[in-house]
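Numbering (the working numbering), first residue to last: 67 to 248.
By construction, the Cβ of each residue, glycine as well, lies at the ideal position given by its N, Cα and C atoms.
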Amino acid sequence: MASPSSFLASILLGSLFISPSFSRPIITVVDTAKHSIVNQVCSKAKNPSMCLQILPHDGNLQAVAKSVVSSGHEYAEDTIVNVMDAAMGSTEPQLKKKYSSCLTNMKTADAALAKAIKEVGSGDFSGLGLGRAAATAKAETHKCISLFQSQPADPFYILQGINNFGDVYVDIISIISTMLKK
67 MASPSSFLAS
77 ILLGSLFISP
87 SFSRPIITVV
97 DTAKHSIVNQ
107 VCSKAKNPSM
117 CLQILPHDGN
127 LQAVAKSVVS
137 SGHEYAEDTI
147 VNVMDAAMGS
157 TEPQLKKKYS
167 SCLTNMKTAD
177 AALAKAIKEV
187 GSGDFSGLGL
197 GRAAATAKAE
207 THKCISLFQS
217 QPADPFYILQ
227 GINNFGDVYV
237 DIISIISTML
247 KK
């Protein structure tokens, strides 16, 4: 015969499988060590909710650093493909030139993150490599964005992706770099 506690456990476990979970739970400040790193980083971010979505919710600051640099590198590579497509799809010479320049900027930003991946992969968590990568990526992102301040505008809407890269990934990498230097 089953004990009352195992019966209660079965009911609770069953309700977990029956309850729908269509959305990601909202993460609030948790008082555990593994979540405090993420909370510390994301509380300083330009976009805290996006920060909470992309950072892993376990591990130490070094593990979080590795994860966000890799994610940022992947996002930059995807953005580069979008910029290349826009450059090839554009028929207007001025716009083609802007996209080509922006492509160079994004490749430079991506190369900085690729170098940072190697540094954190080898155990260099001094924050200096991450800081340089974030500074380079931020400068290159801003150069690309500034290209589209004048006409012709961006009909391919790649600037949203470039803004996300700068305002989310580069921002978080910069925050983590500062935290690692302390």
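Along the alpha helix (DSSP H) that carries residue i, what are the first and last residues, could you check?
i           : result
residue 224 : It is not in any alpha helix (DSSP H) - residue 224 carries neither H nor E in the DSSP assignment.
residue 184 : 159-187
residue 114 : 114-120
residue 197 : 194-213
residue 139 : 127-155
residue 216 : Per DSSP, residue 216 belongs to no alpha helix (DSSP H) and is neither H nor E.
residue 247 : 237-247
Kindly list the residues whose CB is nearer than 6 Å to the CB of residue i, restricted to its own chain and excluding five residues on each side of it in sequence; keep chain order.
i           : result
residue 230 : none
residue 202 : 178
residue 36  : Here the chain has residues from 67 to 248 only, and residue 36 is not among them.
residue 104 : 121 and 123
residue 73  : For residue 73, the pLDDT reaches just 36, beneath the cut-off of 50, and the residue's location in the model is therefore unreliable, leaving the point undetermined.
With distances taken from CA atoms, which of the options is nearest residue i?
i           : options               : result
residue 242 : 210, 212 and 197      : 197
residue 223 : 150, 106, 115 and 117 : 150
residue 237 : 125, 205 and 124      : 205
residue 257 : 187, 170 and 125      : Limits of the chain in this structure are 67 at one end and 248 at the other, which puts residue 257 out of reach.
residue 195 : 106, 123 and 239      : 239
Ignore the nearest five residues each way along the sequence and tell me which others in residue i's own chain have a CB closer than 7 Å to its CB.
i           : result
residue 227 : 145 and 148
residue 191 : 128, 131 and 246
residue 214 : 164, 220 and 225
residue 210 : 168, 171, 172 and 228
residue 112 : 233 and 237
residue 126 : 103
What residues in its chain sit with their C-beta under 8 Å from that of residue i, if we drop five residues either side in the sequence?
i           : result
residue 142 : 172, 175, 176, 179, 203, 231 and 235
residue 110 : 241
residue 244 : 193 and 197
Does the region 183-201 come close enough to the region 134-149 that 3 or more CB-CB pairs lie under 8 Å?
yes
So does the region 164-174 actually touch the region 137-156, counting three or more Cβ pairs closer than 8 Å?
yes
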